[in-house]
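Student: First, the structure itself, so that you have it in front of you.
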Amino acid sequence: MSSLDELLQVLQGIERQLEEAGAHLGTCQGKLDEARQALVRLDPEHPEAVLPPGLPRTHDQVERAQRLIDLVLNTIRDFATRL
């Protein structure tokens, strides 16, 4: 096996791990949305009283992480194609 083949295998492994991480982030985002909805049902007239102040930031951070994973995946795929 050539060094190039080995490199491509490693890149494929990294792609799989990043895709798995992206799937976990999607699950996380769904669970955060479920938690938010459950908390809002506790006091629908004053949802800000029951929602943790950091919850919107957490949602944004998960989205940011997902965008970064997508960017890295695209970069790796482009690099592998050029090889």
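Residue numbers for the sequence shown follow my numbering, so the first one is 62 and each next one is one higher.
The C-beta atom is built at its ideal place from N, Cα and C for all residues, glycine as well.
1) Please name the residue in L100, L79, T88, A110 whose C-alpha comes closest to that of D131.
2) If you run the structure through DSSP and keep just helix, strand and coil, what is S64?
3) CB-CB under 7 Å to L69, same chain, minus the five flanking residues each way: which ones, in chain order?
4) Smallest Cα separation from E124: which of H107, E106, L93, I137?
5) Taking the C-alpha atoms as reference points, what is the distance between Q127 and L100?
Tutor: The structure says:
1) L79
2) helix
3) A141, L144
4) L93
5) 25 Å
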